[in-house]
Every structure is written in C-alpha cells, then in structure tokens.
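Following this note's numbering, the residues of the sequence shown are numbered contiguously, the last one being 450. A virtual CB, placed ideally from N, CA and C, is assigned to each residue, including glycine. Working notes for the structure below.
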Amino acid sequence: MHVQVERRAGAPAHREANVLHALILLSTVICGTLAPTVIGPVLPAMQQHFASVPGIETLVPVVVTMPMLVLGALAMVIGAVSDKIGRKRVLVGSLVLYAIAGTAPLYLDSIHSILASRALVGFAEAAAMTVSTSFIGDYFTGAKRDRYAALQVTVASTSAFVFNLMGGMLGAYGWRTPFAAYALPLLLAPLVQIFIWDTQGAAPEAHTRADADEPEFRPWLLALICLAAFGVGLVFMIVPVHLSFMLVQLGVHSTSAIGFAYAVNSAGIIVGTLGFGWFIASRCSVLQQFVLGMIVCGLGFVSMGTAHDETMLTVGGAINGLGCGIALPALVSWGLRSMPFSRRGFGTGAFTAAQFIGYFCSPIIVMGMVMNWGSRFAVVQAWGFALFVLAAVCVAGSLLRVRRLKLG
43 MHVQVERRAG APAHREANVL HALILLSTVI CGTLAPTVIG PVLPAMQQHF
93 ASVPGIETLV PVVVTMPMLV LGALAMVIGA VSDKIGRKRV LVGSLVLYAI
143 AGTAPLYLDS IHSILASRAL VGFAEAAAMT VSTSFIGDYF TGAKRDRYAA
193 LQVTVASTSA FVFNLMGGML GAYGWRTPFA AYALPLLLAP LVQIFIWDTQ
243 GAAPEAHTRA DADEPEFRPW LLALICLAAF GVGLVFMIVP VHLSFMLVQL
293 GVHSTSAIGF AYAVNSAGII VGTLGFGWFI ASRCSVLQQF VLGMIVCGLG
343 FVSMGTAHDE TMLTVGGAIN GLGCGIALPA LVSWGLRSMP FSRRGFGTGA
393 FTAAQFIGYF CSPIIVMGMV MNWGSRFAVV QAWGFALFVL AAVCVAGSLL
443 RVRRLKLG
C-alpha cells in the first residue's frame, strides 16, 4: 500500500509514490559511494603532488575517511532537523552542497583546504543518505519498503563498481580530474525539487500503515538497532580493506586480478540484496534475516581465512558479499519499520551514523588484531567463527523466549 498524504498544514493532497519517485530517491545513494570509490585510484598521485607537506602520508588517506567521520557525527542531528523542517529542502540543499564541496579539489591548492571541503562533503552526504532513506520509509510500506531498502544497497554496490572504473579512467588525466564526478548530484537536485513532495506537516493518521499500527518510539529498540548497525559496519568493511593485501600475500600482484576479486565481491553483495528484496524479506523474520546474513558472512570469512590460492580467496569474498547483501538491507528495513513517522529522520540518522562509525572503526580494530596475531588470514577466519557463535546465541535466545512465552 502506498502512503496517502492528506492536505494539512501545507502538505500535498492524496499523493502516492510510484517507481519514478523510488528511482529518484535510490539514485541519491551515489552520494554514499562517490566519496570512497572514485578518488581511490588517484590517492598515490595526490600524495606525490603534496609531497612537501609534513605528514602527507597520513593526510591523504584522511581525504577518503573524512566524510565518514563527519557523517557518523552529524547524521542523527540532521535526521532530527529534517523531522522538524521537512525532508525535501534538506535533501535538495544537500545535493547542491555535495556537488559544490565535492568538486572543490579541482581548483584548491592546499591539502588542508581540500580536507575542509571533504568535511563539507561528509555533512552533505549525511543529509542525503539519512533523508533519502527516511523518504523511502515515508512513501512505502510492507514488501515494497523492504524491496526498495534492498535496492538501495544494490544501487550502492553497482555504482561503487562503476565509480571505481570511472576513477581509474579519469585519473589518467590527472589526480584532480576524478573530483569532477562529484557534480553528478546536480542532475538529481532538480528532479527531487520537481517530483518529490514533502511529508512534513501531513496528518499523523495519513502515515498509519494498513499492515501495522504506527509504532511507538522506543529508545531501547533504537539503541539495539544502532548496535546492530555498528556491527554490520564492522563486518562489511573487512573485505574491502583487507582482500587486496591477502591476495598479495598469496603472490597475486596483477591489478586486474585484484580488481576482478573485488568485482566478484560486489557481485555477491548485489545478488544478496536482490535475494533479500524478492524472497527473504517476505519469508523471514528480522532475527532470521540477520542470522542468515551472519551465517553466510561467517562462511565467507572462514573460506577466505583457510584459502591457499587466489580462486578460493575470491570465492570466499563472493560468499561474504552475499551475506553482507542480506544483512545491510535487513538493517535498513528493520530500522524503518521500527520508527514512527515523527521520529523517522532522527532514528534513520542514528543507525546510519552507527553504521558509518563501524566502517571507520573496522580497519582500526582488525589491524590491531592482525598486529597481535600476525596474520590477516587467521584474523578473518576468527571473525567468521565469531559470527557463527553470535548466530547460535541469537537462535538460542529466540528459542528460550518462545519457550518462556509458552510456559507463561
């Protein structure tokens, strides 16, 4: 059932979202994939350009991570603001700011000013990601909401693959050139302005679902969702950060072979999201979705940790991608269905922030383990077994709860 919005406090009358609106909102996901992907191939050239700057070896990687830090810090605040002033103006403004700040390195001549522009990119990215996800929760319900939540990750994974290729091609013309890709959101801003209507100010009864009453805001549930989001972020970043190093350790030095392994991992994520949207979401409970995701992710990690050749490591990465493709949309769908309309922006911002903090912390935690254990393979395998244990604990806890309910 689509959301029907009554005319009240300036809200549009009787509007229903369709595929066009979904496509526009899904397209804004590129704001979350441009940042780490399109400029990755040119980071060595950027470091060489600013070689005379003290500490440049540390500053250049921060060009990639700065948006993640800002997003993690501000997403919840921006989501709460969108609940008060309306999501549409926040989304349009964020797309424009993203393009302006994202293209700034085309003409900035200081690494520190570039880092400042990247902080603005993170601010705009936090707004775009939080508000577009909230809009999907506002506009759709039930199976359609779950399907579009899954398609968010599908679009993100597909665009990440494309932008990786784009960054490599544009990088041939200089380290600044890939930053031109950040102008793409300017094409989306007019579409949002024309076709997307604001849900702020609509009557509360207009957002009551046919398949379930409007949920209450439960802080403890939001805290649990945020904890799950942090864990998903930790797990998701392990393969993107460490797969290339593991391949090199096995003697694979061809950039095309390494790129193929990453592409296969991305393909696994895409397949997982499609499977979630079309089959798993409608047949499994939230707990079952996460347990399935943990088991598949864990199987991929164990396969990678025990791999002795390139093929097995690549297959393990694909299996892990499949599990991540289940867990990511399960998280978004759970968060959206659990938040009332009046607090959806705040809640979406909270679990988005937790997820990106997990992204940022993952390399720090995993590298700390590697330094103590001495092997990425052993650490990745250990993460796989830990996910198996966590899945077993979740299943046992669920069975005990069912048993208590029957006895009570």
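Residue i in three-state terms, based on DSSP
i	result
residue 75	helix
residue 240	coil
residue 217	coil
residue 145	coil
residue 370	helix
residue 252	The predicted position of residue 252 is uncertain, since its pLDDT is 40 and thus under 50; a value taken from the coordinates is nonetheless stated next. If DSSP states are grouped into helix, strand and coil, residue 252 belongs with coil.
residue 403	helix
residue 436	helix
residue 353	helix
residue 416	coil
residue 390	helix
residue 259	coil
residue 324	helix
residue 315	helix
residue 229	helix
residue 152	coil
residue 59	coil
residue 426	helix
residue 346	helix
residue 381	coil
residue 441	helix
Beta-carbon proximity list for residue i, same chain, < 8 angstroms, skipping 5 on both sides
i	result
residue 302	356
residue 70	133, 137, 170, 171, 174, 227, 230, 234
residue 66	230, 233, 234, 237, 238
residue 185	323, 324
residue 380	257, 260, 263, 264, 267, 389
residue 326	334
residue 140	73, 163, 166, 167, 170, 224, 227
residue 99	89
Neighbourhood of residue i by C-beta, 7 angstroms cutoff - its chain only, sequence neighbours within 5 removed
i	result
residue 313	364, 367
residue 102	85, 88, 89
residue 294	300, 352
residue 196	312, 315, 316
residue 217	84, 87, 88, 91
residue 437	333
Expected contact under 8 angstroms - CB spacing of residue i and residue j to nearest Å
i	j	result
residue 108	residue 157	6 angstroms
residue 360	residue 306	5 angstroms
residue 403	residue 369	17 angstroms between Cβ atoms; not a contact.
residue 412	residue 421	5 angstroms
residue 105	residue 81	7 angstroms
residue 117	residue 191	Wrong, their Cβ atoms sit about 17 angstroms apart, outside the cutoff.
residue 441	residue 336	The Cβ separation is near 16 angstroms, so there is no contact.
residue 288	residue 354	In fact, because the Cβ distance is near 11 angstroms, the residues do not count as touching under 8 angstroms.
residue 193	residue 319	6 angstroms
residue 153	residue 95	5 angstroms
residue 378	residue 187	6 angstroms
Own chain, CB closer than 6 angstroms to residue i, minus 5 neighbours either side, in chain order
i	result
residue 341	361
residue 328	376
residue 310	360, 363, 364
residue 278	366
residue 159	143, 146
residue 395	114, 117, 118
residue 348	none
residue 284	418
residue 271	373, 393, 396, 397
residue 189	319
Min CB distance residue i to chain D below 8 angstroms
i	result
residue 227	Absent here is chain D; the protein component of the structure consists of one chain.
- Task: Pick out the complete alpha helix (DSSP H) segments inside the stretch 61–139, 4 residues or longer, and give them in chain order.
- Result: 61–69, 72–79, 85–91, 98–127
- Item | Completely contained alpha helix (DSSP H) runs for the stretch 160–220, where each covers 4 or more residues | 184–213
- Query: Which ranges would you report for the alpha helix (DSSP H) in the stretch 271–311 if only whole runs of at least 4 residues count?
  - Reply: 280–291
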